[in-house]
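Enquirer: Quick one: the structure is below, and I'll ask about it shortly.
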Amino acid sequence: DQNGNHVIQKCIECCTGDDIDFIIRDVTKQVFQLSAHPYGCRVIQRILENCKEVQTRPILDILYSELENLVQDQYGNYVIQHVLEHGKLEDRSRIVNAIMGRVLHLSQHKFASNVVEKCVTYATREEKRQLIDEVVSFGDGPNSALLTMMKDQFANYVVQKMIDVAEPAQRKVLLQKVRPHIQSLRKFTYGKHIITKLEKHLSKSSDLGGPLSSTNSNGLSHYDN
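So the sequence shown is numbered by UniProt numbering: it starts at 1 and just counts up by one.
Okay, structure coming up:
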């Protein structure tokens, strides 16, 4: 219920931990169902923001057990994104480690791609390196993971984020992988986004080499999917 949902959220935000134990108990019995609900997912997020560790830990453990389904759910993905943005380091790393090995697959999914993008954003320095390496290390041909992602309507945003957060040496590797496919990428709307992103970084750093081509791609910008 939309109105009842706001009341519950306000109780969680304003009351002390012990006063809302009855809410926590009920929520813990249906974590997945609430996380996958347009209103229930907000309640889960408020609990994670405002409640004590002893109250949130059982909920987090259930979220992890349902991670595969939640990252691909229309509303559940927001709950997982919330943990990545606001959770403890150990909780963020737990999600990132679950995504590793499946970056290509999940990046092509409408909802899961948002989670992968948040992983790339909030992971530790070493985890970011591993996530990017996973994409750039699988060949250079027309069926490579990187080229597939650059042409995809959802995954291209993950690649753009990787370009933004990569260490200089790793960004240089990304650029080297992209250069042979510039003409091919120009045929795809999403590929053009990648070219624009790389040209932006090229203009800021002489270490990345010369321009991608003599033709610039104007008017293309990132938007949320």
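Even glycine gets a Cβ: it sits at the ideal position worked out from N, Cα and C.
In this text, all values refer to a predicted model and were calculated from it rather than measured experimentally.
Would you kindly work out how many angstroms separate the C-alpha atoms of isoleucine 20 and asparagine 156, rounded to a whole number?
Expert: For the purposes of this step, residue 20 is taken as residue 20 along the sequence shown, with counting starting at 1. For the purposes of this step, residue 156 is taken as residue 156 along the sequence shown, with counting starting at 1. If I take the Cα positions, the gap works out to 42 Å.
Enquirer: Output needed for lysine 118: all residues of its chain with C-beta closer than 6 Å, excluding positions within five of it in sequence on either side, in chain order.
Expert: On the sequence shown, residue 118 is found 118 positions in, with the first residue counted as 1. Hits under 6 Å: Gln81, Leu84.
Enquirer: How long is the line joining the alpha carbons of arginine 171 and aspartate 26, rounded to whole angstroms?
Expert: As a first step, residue 171 must be located in the sequence shown, where it is residue number 171. As a first step, residue 26 must be located in the sequence shown, where it is residue number 26. Cα-Cα distance, rounded: 47 Å.
Enquirer: Alpha carbon to alpha carbon, how far is isoleucine 8 from isoleucine 194?
Expert: Walking along the sequence shown from the start, residue 8 turns up at place 8. Walking along the sequence shown from the start, residue 194 turns up at place 194. Using only the alpha carbons, I get a separation of about 43 Å.
Enquirer: Please state if the CB of valine 79 and the CB of glutamine 45 are separated by a distance shorter than 8 Å.
Expert: Residue numbering aside, residue 45 sits at position 45 when the sequence shown is read from its first letter. Residue numbering aside, residue 79 sits at position 79 when the sequence shown is read from its first letter. Yes, the Cβ-Cβ distance between glutamine 45 and valine 79 is below 8 Å.
Enquirer: Short of 8 Å in beta carbon distance, which residues of its chain neighbour valine 115, apart from the five on each side in sequence? Order them along the chain.
Expert: Position 115 of the sequence shown, counted from the first residue, corresponds to residue 115. These residues qualify, in order along the chain: Val71, Asn77, Ile80, Gln81, Leu84, Ile95, Ile99, Leu106.
Enquirer: Within the continuous alpha helix (DSSP H) that includes alanine 155, where are the two ends?
Expert: In the sequence shown, the residue the question calls residue 155 occupies position 155. From DSSP, the alpha helix (DSSP H) with alanine 155 extends over 155-165.
Enquirer: Evaluate the contact criterion for the stretch 196-206 versus the stretch 144-152: three or more CB pairs, one atom per stretch, below 8 Å.
Expert: Contact fails: fewer than three Cβ-Cβ distances are below 8 Å.
Enquirer: Cutting at 7 Å between CB atoms, please list the residues of its own chain near threonine 215, excluding the five before and the five after it.
Expert: As a working note, residue 215 is residue 215 in the sequence shown. Annotation note: pLDDT 40 at threonine 215 (below 50); position unreliable, no value reported.
Enquirer: Can you give the Cα-Cα distance for lysine 128 and asparagine 5, rounded to whole angstroms?
Expert: Counted from its first residue, the sequence shown places residue 128 at position 128. Counted from its first residue, the sequence shown places residue 5 at position 5. Straight-line Cα distance between these residues: approximately 36 Å.
Enquirer: Buried or exposed for alanine 145, please, with buried defined as at least 16 other CB atoms from any protein chain shown within 10 angstroms of its CB.
Expert: Looking up residue 145 in the sequence shown gives position 145. Looking at its Cβ environment, which holds 16 or more other Cβ atoms inside 10 Å, alanine 145 is buried.
Enquirer: Decide if arginine 42 is buried, meaning its Cβ has at least 16 other Cβ atoms within 10 Å, or exposed.
Expert: Here residue 42 refers to the residue found at position 42 when the sequence shown is read from its first residue. The residue in question, arginine 42, is buried, as its Cβ has 16 or more Cβ neighbours within 10 Å.
Enquirer: Starting from the Cα of glutamate 134, find the closest Cα among Tyr39, Ile23, Val103 and give me that residue.
Expert: Taking the first residue of the sequence shown as 1, we reach residue 134 at position 134. The option with the nearest alpha carbon to glutamate 134 is Val103.
Enquirer: Just how far apart, CA to CA, sit serine 203 and aspartate 164?
Expert: Taking the first residue of the sequence shown as position 1, residue 203 is located at position 203. Taking the first residue of the sequence shown as position 1, residue 164 is located at position 164. Cα to Cα, serine 203 sits roughly 13 Å from aspartate 164.
Enquirer: Using beta-carbon positions only, say whether isoleucine 12 and phenylalanine 32 come within less than 8 Å of one another.
Expert: By one-based count along the sequence shown, residue 12 stands at place 12. By one-based count along the sequence shown, residue 32 stands at place 32. Against a cut-off of 8 Å, the Cβ pair of phenylalanine 32 and isoleucine 12 comes out as no contact.
Enquirer: Along the chain, which unbroken stretches of the alpha helix (DSSP H) at least 4 residues long are found entirely within the stretch 65-130?
Expert: If we require 4 residues or more, the alpha helix (DSSP H) runs fully inside the stretch 65-130 come out as 67-70, 76-86, 89-99, 103-107, 112-122.
Enquirer: Applying the 10 Å Cβ sphere with the 16-neighbour rule, what's the burial state of cysteine 14?
Expert: In the sequence shown, the residue the question calls residue 14 occupies position 14. The residue is exposed, with fewer than 16 neighbouring Cβ atoms inside 10 Å.
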